[in-house]
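Scroll down for the structure; my scribbles are underneath it.
Protein chains: 2
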Amino acid sequence: MALREEILEVSKDILIQDGFSKMSMRRIARRANVTATSIYLYFKNKDDLLLALIEESINDLKNALQEVVDPGKDFIQQLEDMARAYIRFALDHPKEYEIIYMVRPEEMPKYPREKFNEVRSAYELLAGIISKGKEQNLIEVDDPLISAYTIWAQIHGVVSVMLNKRLDTRIPREKFTDQAVDHIIKGFIIQKTPA
Amino acid sequence: MALREEILEVSKDILIQDGFSKMSMRRIARRANVTATSIYLYFKNKDDLLLALIEESINDLKNALQEVVDPGKDFIQQLEDMARAYIRFALDHPKEYEIIYMVRPEEMPKYPREKFNEVRSAYELLAGIISKGKEQNLIEVDDPLISAYTIWAQIHGVVSVMLNKRLDTRIPREKFTDQAVDHIIKGFIIQKTPA
DNA sequence: AACAAAGGTTAACACTGTTAAGTAAACAGT
DNA sequence: ACTGTTTACTTAACAGTGTTAACCTTTGTT
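Those protein sequences? They're chains A and B, same order as listed. What the first sequence shows, in this note's numbering, is residues 55 to 249, in sequence order. What the second sequence shows, in this note's numbering, is residues 55 to 249, in sequence order.
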């Protein structure tokens, strides 16, 4: 059973150091001092292995977010903290973040629905915060879950543009993230004092 | 020279119908009634071919956006039209949209910088609209280009969550996009009348 | 007629994911 | 102590991959 963990570790190393295209069964096996076929004793196929890696990464992200949650803080501050934690995680562990969104679902129809529930719990972390804001009438929200997804999606977009190096070189990263976070949050807040 | 176009067309067909993993040089060649090596007469390698496909898709997206631009319309309406046109394009041509963001830059360091300039022109389409809003003091903007990227990123995130089937099944797609567009735009607008 | 370029081809190399079949060691039951 | 079975792995093979070097034809030019 130790080999399973070894395979996961080696796979992740290769993925991070050498890139996705270099992550072949034989290469993984070689670095784990077994043959490629041994991997199939612990994973149904390559997709299944990839899935396990995705799961790990999702958990890491979830933990990074969980760490930053502080119910004592002001509501808007909480939203901002989470957004920034998310962005920081993605920029600090770009490969790990990429893994999460790497699966092209059309090519992986076997992707088990229930696996996504672990991501869901992260959404619900955010939805919880939003619900509180709603109670305090600080925020204009219909369904907190939808709002959580909306915020999530927007942040993911911001991050993904940066990770894919799609950002104009003339734009400083920090200014971009600052403005993005600012706008995303403002999109939800009820502004009581017009500028 | 006609073969080059034939290859592009066949490649796109395979990519859309059979998925990325099935898009092999030999399969493309077979369907174009040539041998795989012939492709190398027109494209340096597979990445180069993929790049050409990306370029095509970007242009299609750009055209879809261009169609919707109408300077006669109200500024906020223009923003919304563009956002909706973008989302519609992505949802109507998911594979084509995916192609645009398919490149994993780490694995494709040869990606020529200047190619991105064509995307840039699309950003500048958006930046132009934003500039007008700034002049009219309808919008709170520092640098229109940054804002254009921010909006773009947010919309991309929204779209990408849906395309990757990451959206909670309990959430109706339309409600999600409506709310997303609403919030993204509101994040930029100076609200004069608090609710 | 001779030469060169254009537009292809065949054969091969070193890889890929995956499967069927085999092996060798550890353990369990009688 | 002899079976039988399970566990953990290996070897060999299949069909496919991207890519290159070398080789043909056909076409056009001088």
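The beta carbon of each residue, even a glycine, is placed where N, CA and C say it ideally should be.
For residue i, the first and last residue of its enclosing alpha helix (DSSP H)
| i | result |
| --- | --- |
| A:PHE143 | 129-146 |
| B:MET79 | 79-85 |
| B:LEU105 | 100-122 |
| B:LYS66 | 56-72 |
| A:THR91 | 90-93 |
| B:GLY211 | 198-217 |
Residue i classed as buried or exposed, judged by whether at least 16 other C-beta atoms fall within 10 angstroms
| i | result |
| --- | --- |
| A:ILE82 | buried |
| A:GLN208 | buried |
| A:GLU152 | buried |
| B:GLY126 | exposed |
| A:LYS219 | exposed |
| B:ILE200 | buried |
| A:GLN120 | exposed |
| B:SER65 | buried |
| B:PHE230 | buried |
| A:ILE204 | Here residue 204 of chain A turns out to be Thr, not Ile, going by the sequence shown. Burial call: buried. |
| B:ALA249 | Below a pLDDT of 50, predicted positions are generally treated as unreliable, and B:ALA249, at 44, falls in that range; the measurement from the model is reported next regardless. Classification for B:ALA249: exposed. |
| A:LEU95 | exposed |
Short CB-CB distance (under 8 angstroms) between residue i and chain A
| i | result |
| --- | --- |
| B:HIS147 | no |
| B:LEU57 | no |
| B:VAL215 | yes |
| B:ASP222 | yes |
| B:PHE242 | yes |
| B:ASN218 | yes |
| B:LEU199 | yes |
| B:GLN233 | yes |
| B:ILE193 | no |
Identity of the residues DSSP links to residue i by a beta bridge
| i | result |
| --- | --- |
| B:ILE225 | B:ILE225 pairs with nothing; no bridge assigned. |
| B:ILE193 | B:ILE243 |
Cβ of residue i within 8 angstroms of any chain B Cβ
| i | result |
| --- | --- |
| A:ARG138 | no |
| A:GLN208 | yes |
| A:PHE230 | yes |
| A:TYR155 | yes |
| A:GLY187 | no |
| A:ARG174 | yes |
| A:PRO163 | With a pLDDT of 48 at A:PRO163, under the threshold of 50, the modelled position of that residue is not reliable, and the figure given next carries that caveat. No, because no Cβ of chain B sits closer than 8 angstroms to the Cβ of A:PRO163. |
| A:GLN120 | no |
| A:GLY182 | no |
| A:TYR203 | yes |
| A:ILE141 | no |
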